[in-house]
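The opening position of the sequence shown corresponds to residue 8 in my numbering, with each subsequent residue numbered one higher. C-beta: ideal position from N, C-alpha, C; glycine also. Only one structure is covered here, and it is reproduced in the block below.
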Amino acid sequence: MSQLVRISPSILAADFLNLGEELKSVENADFIHYDVMDGDFVPNISFGPGLLRAVKRGTDLPVDVHMMVSNPDEVFRDYLEAGADVLTFHLETAKHAHRIVDEIHRYGRRAAVAINPGTAVSTLDAIIDYLDMVLVMSVNPGFSGQQFIEHTYTQLNKLTDLCRRHAVRPLVEIDGGISPKNANRVVAAGANVLVGGSSVFEAPDHAQAVEDMRSAGMRGLAMRQL
Ligand code: DX5
Ligand code: ZN
């Protein structure tokens with residue numbers, strides 16, 4: 008299972024006026040990435056739980072909700088109630104991370120923690136054993152279309168080491184500036200869920216962009232040092 012490369016198109020870069028069609032255009036992906044931004048933790052405001060309910064009706068794919076909020080402890084249940092299949096919160100803002108993870112699991116959903124590019128991978132040491140997925144940010148969160156930060160490769164290598172030491176194999180999602188150009192290298196460094204915002208929704212053929220990203224990622228699997 009961990010040998011597969013999964014693609015999670017981020018609808019932050021979609022045409023909001025045609026969201027239903029945009030969701031249908033990426034049905035060959037593995038997840039839909041849903042970015043929640045509160046205008047406080049990140050300098051942008053996006054969607055809340057209301058639109059998530061509509062998105063759930065518009066796709067058969069599992070929805071991967073990325074909460075970029077200052078108060079995850081207070082709001083995470085709203086996204087579980089609205090149907091989040093994978094729920095990600097940032098370690099930088101969680102007050103009681105294990106409690107949030109436990110509750111996500113009690114709902115029967117998958118729990119994930121995200122870290123910003125400037126957060127040390129070692130901060131995951133206390134929580135990694137309990138996670139279904141780790142989200143490594145490869146840009147400072149807030150907007151789609153930003154440039155990939157090269158230090159991300161080091162973050163991914165350190166996360167691979169941490170997982171090995173703990174003998175765990177969570178999914179490893181990478182988010183920000185991912186395209187077929189760098190998909191192979193991030194997969195080689197340990198990622199297996201690739202978020203694509205502008206690289207998918209700004210491409211002329213969205214389904215083809217998903218396939219291009221997947222094949223580039225699959226080439227990265229062969230580059231892994233086992
Ligand atoms: C950034 C968001 C991303 C964003 C990715 O803060 O978390 O999910 O939509 O967009 P691209 O792929 O264009 O960098
Ligand atoms: Zn995201």
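Neighbourhood of residue i by C-beta, 6 Å cutoff - its chain only, sequence neighbours within 5 removed
{"i": "Ser-151", "result": "Leu-19, Ala-20, Gly-204, Ser-205"}
{"i": "Pro-211", "result": "none"}
{"i": "Ser-145", "result": "Phe-155, Ile-156, Thr-159, Ile-181, Gly-183, Gly-184"}
Integer-rounded CB distance, given that residue j should sit under 8 Å from residue i
{"i": "Asp-219", "j": "Pro-187", "result": "5 Å"}
{"i": "Gly-90", "j": "Leu-59", "result": "6 Å"}
{"i": "Ala-127", "j": "Thr-95", "result": "Not quite, the Cβ-Cβ distance comes to about 18 Å (not below 8 Å), so this is no contact."}
{"i": "Ser-77", "j": "His-40", "result": "In fact, because the Cβ distance is near 20 Å, the residues do not count as touching under 8 Å."}
{"i": "Ala-198", "j": "Glu-180", "result": "7 Å"}
{"i": "Gly-183", "j": "Gln-153", "result": "6 Å"}
{"i": "His-213", "j": "Val-33", "result": "5 Å"}
{"i": "Asp-80", "j": "Ala-101", "result": "6 Å"}
{"i": "Leu-166", "j": "Val-202", "result": "So it is not a contact: roughly 16 Å between Cβ atoms."}
{"i": "Asp-42", "j": "Ser-17", "result": "6 Å"}
{"i": "Asp-92", "j": "Arg-116", "result": "6 Å"}
{"i": "Ile-111", "j": "Leu-131", "result": "Incorrect: roughly 16 Å between the Cβ atoms, too far for contact."}
N-terminal and C-terminal residue of the alpha helix (DSSP H) that residue i is part of
{"i": "Gly-234", "result": "Given that the chain is displayed from residue 8 to residue 233, the structure contains no residue 234 and the question cannot be resolved."}
{"i": "Glu-81", "result": "79-88"}
{"i": "Asp-71", "result": "Element bounds for Asp-71: not the alpha helix (DSSP H) but the beta strand (DSSP E), 70-75."}
{"i": "Val-43", "result": "Here Val-43 belongs to no alpha helix (DSSP H); instead the beta strand (DSSP E) covers 39-44."}
{"i": "Ser-53", "result": "Ser-53 -> no alpha helix (DSSP H), and no H or E assigned at all."}
{"i": "Ser-15", "result": "Per DSSP, Ser-15 belongs to no alpha helix (DSSP H); it is in the beta strand (DSSP E), 13-16."}
{"i": "Val-207", "result": "205-208"}
{"i": "Glu-28", "result": "26-31"}
Residues of its chain near residue i, where Cβ-Cβ distance is below 7 Å and the 5 sequence neighbours each way are ignored
{"i": "Met-44", "result": "Asn-51, Ile-52, Ser-53, Met-75, Gly-149"}
{"i": "Arg-192", "result": "Tyr-160, Gly-227"}
{"i": "Arg-221", "result": "Val-12, Ile-14"}
{"i": "Met-225", "result": "Val-12"}
{"i": "Val-175", "result": "Ile-135, Asp-136"}
Own chain residues within Cβ distance below 8 Å of residue i, not counting five before or after
{"i": "Gln-215", "result": "none"}
Host beta strand (DSSP E) of residue i (start-end)
{"i": "Leu-94", "result": "93-97"}
{"i": "Leu-231", "result": "Correcting the residue identity first, residue 231 is Arg in this sequence and not Leu. Segment: none, Arg-231 is in no beta strand (DSSP E) and carries neither H nor E."}
Any heavy atom of the ligand ZN nearer than 5 Å to the CB - residues listed: My final list is Asp-42, His-73, Asp-182.
For the region 141-200, list the alpha helix (DSSP H) runs that are entirely contained and at least 4 residues long, ordered along the chain. If we require 4 residues or more, the alpha helix (DSSP H) runs fully inside the region 141-200 come out as 159-173, 190-195.
Could you pull out every unbroken beta strand (DSSP E) segment of at least 3 residues lying fully inside the region 94-132, listed in chain order? Within the region 94-132, the complete beta strand (DSSP E) runs of at least 3 residues fall at 117-122.
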